[in-house]
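Okay, structure first, notes after.
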Amino acid sequence: MSDEQRGVVAFYGDDFTGSVDALLQFARRGWSGRLFTTLPDAEALRRAASEVDVVGVAGISRSLDPAAMDAELRPVLEAFADLDPRLVQYKACSTADSSPSVGSLGRVIEIGREVFGDRVVPMLFAQPDFGRYTLFGQHFAAERGTVYRLDRQPTMSQHPSTPMTEAELAVHIGRQTDAPIGAVSMLAYDDLARRLREATSTGIVLDALTDDHLEAVGRALGELPSPVFAIGSGGLSHGIAAAAPGDAPTIPEATATRGPVLVVSGSRSAQTRRQADAAAAAGWLVRPWALDGSSSPDVLEALRAGRGVVLTSDDADAPGDRPILEAIADAAASLVREAVAAGATRRVIVCGGDTSSRVTRLLGVDALSIAANPWGNVVILRAHSGGSRIDGLELLLKGGQVGADSLFVDVAALAP
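Going letter by letter, the sequence shown gives residues 244 to 659 in this note's numbering.
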């Protein structure tokens, strides 16, 4: 499909790890892209949209209340609208993390329709390559080789801020808005575009068990009148790009740096804990954060000696009544700057979607590009930050459940 047929495609990511996944899904199907860490000025955004196939803005809306979401999201969507887009994706988590008070997808639907017009909002959360599936509107998520209904998946059923108590996505999202939410099953995909055009519901949940279903959704969205505003996971990004593939992808498997890895974590997921334990078994320095500012001396000493370091949030306590996420993000950004300035590391892993978002912004990163995709959905990024020492830093922004137990050690083993 030509650029003229494809038109401008843009996405906003509800956290940084999800934004990176969307960038990867487009890149795998031959689309060039640029991911900004904040909304650039209108000229820079328009220039990027003319130079690449898809432009993205990484955000933090997943952790915000509806009023703060409006202030965060609306300016980005309005800037996208000025590009006369063919399609705009709100990149949401593949487990539909949201509630009426935090990261409300219902509020996203309302804002999107206010900006792009009163058309139906298609929603696709399935991502088969990550173990996420939707069948007859019910959502399922894999964990350690077992596929669970979403409300019974060990991690998401006990999520600290948005525990998932409902697997039927139309019901789950319907609790977040007064607008009617419906669903179309994959049994109707032979006529999906017409069903979406004629839908009376405000938002429509879509099924997918395989990549073929993702691509069927992508083709159907391509037949809808512009602009299309859709909500979904990296599976939706896959479907959009696969329906109009570009040149063959050229994503490197290895990185450009050597040396020890610094891991700063705000994630308390069981998988991140297993990854830290594997690093400790390999001889890394692994310990909880000391949020009083005493973390750096032994960390720098270990890194200078070529030893990997993991700072975990399992037992971290914020000083005073400060929110723990804010305290960890500030401490992590400060430590990364100190380690980079000391020449102790050029490769950093940040664990936790919300933590990754905040740390990347605190580091002053302007944009991100893909440095390597060594395996699966693990993406190592290159930071672009003017003339600062952060420029060129390799970052892996890791969601809590992402990666094998050996992930930290495996990343350290990557070499040019």
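Even glycine gets a Cβ: it sits at the ideal position worked out from N, Cα and C.
Under a three-way DSSP split, which group does residue i fall into?
| i | result |
| --- | --- |
| R590 | strand |
| E353 | helix |
| H627 | strand |
| D246 | Reliability of the predicted coordinates at D246 is poor, the pLDDT of 47 falling under 50, and the value obtained from them is presented with this limitation in mind. Helix. |
| R392 | strand |
| A656 | helix |
| I613 | strand |
| E581 | helix |
| M366 | strand |
| E496 | coil |
| Q401 | helix |
| F379 | coil |
| L636 | coil |
| G425 | strand |
| E458 | helix |
| S508 | strand |
| Q518 | helix |
| Q644 | coil |
| R501 | coil |
| A410 | coil |
| G256 | strand |
| A569 | Ala is not the amino acid found at residue 569; the sequence shown has Glu there. DSSP places E569 in helix when its eight states are reduced to three. |
| P470 | coil |
| R438 | helix |
| G475 | strand |
| A431 | helix |
| L452 | coil |
| S608 | Looking at the sequence provided, one finds Val at residue 608 rather than Ser. Reduced to three states, the DSSP call for V608 is coil. |
| A385 | strand |
| T598 | helix |
| P531 | strand |
Is the CB-CB distance between residue i and residue j below 9 Å?
| i | j | result |
| --- | --- | --- |
| S599 | T281 | no |
| A582 | L505 | yes |
| T405 | S342 | yes |
| V529 | V553 | yes |
| S612 | A521 | no |
| G299 | L326 | no |
| A287 | D258 | no |
| P488 | G355 | no |
| F359 | L320 | yes |
| L662 | L267 | Residue numbering for the chain in the displayed model covers 244 to 659; residue 662 lies beyond these limits and cannot be assessed. |
| Q370 | S510 | no |
| Q332 | A270 | no |
| V652 | Q514 | no |
| V593 | L657 | no |
| E441 | A486 | no |
| A548 | W527 | no |
| A499 | E411 | no |
| V351 | I447 | no |
| G595 | G551 | no |
| V460 | P365 | yes |
| V602 | A584 | no |
| A655 | R590 | yes |
Any heavy atom of the ligand GTP closer than 8 Å to the CB of residue i?
| i | result |
| --- | --- |
| H627 | This structure simply doesn't include the ligand GTP, nor any ligand for that matter. |
Decide if residue i is buried, meaning its Cβ has at least 16 other Cβ atoms within 10 Å, or exposed.
| i | result |
| --- | --- |
| D296 | buried |
| F379 | exposed |
| G388 | exposed |
| V390 | exposed |
| Y255 | buried |
| A322 | buried |
| S428 | exposed |
| W618 | exposed |
| Q401 | exposed |
| D340 | buried |
| T408 | exposed |
| P566 | exposed |
| I494 | exposed |
| P328 | buried |
| A491 | exposed |
| F470 | A small correction: the amino acid at residue 470 is Pro; Phe does not occupy that position in the sequence shown. Looking at its Cβ environment, which holds 16 or more other Cβ atoms inside 10 Å, P470 is buried. |
| E569 | exposed |
| G586 | exposed |
| S337 | buried |
| E294 | exposed |
| L606 | buried |
| D264 | buried |
Would you say residue i faces chain B, with C-beta separation under 9 Å as the test?
| i | result |
| --- | --- |
| H456 | In summary, chain B is missing from the structure at hand, where a single protein chain is found. |
Original post:
Is it true that the segment 394–413 meets the segment 363–383, where meeting means three or more beta-carbon pairs spaced less than 8 Å apart?
Top reply: yes
**OP:** Examine the Cβ distances between the segment 300–319 and the segment 335–350 and report whether three or more of them are shorter than 8 Å.
**Re:** yes
**OP:** Say whether the segment 618–631 touches the segment 541–553, bearing in mind that this needs 3 or more beta-carbon pairs closer than 8 Å, one atom from each stretch.
**Re:** no
Original post:
At a cut of 8 Å, does the segment 367–378 reach the segment 446–456 through at least three beta carbon pairs?
Top reply: yes
**OP:** List in chain order: all unbroken alpha helix (DSSP H) runs of 4+ residues lying wholly within the segment 270–323.
**Re:** 285–294
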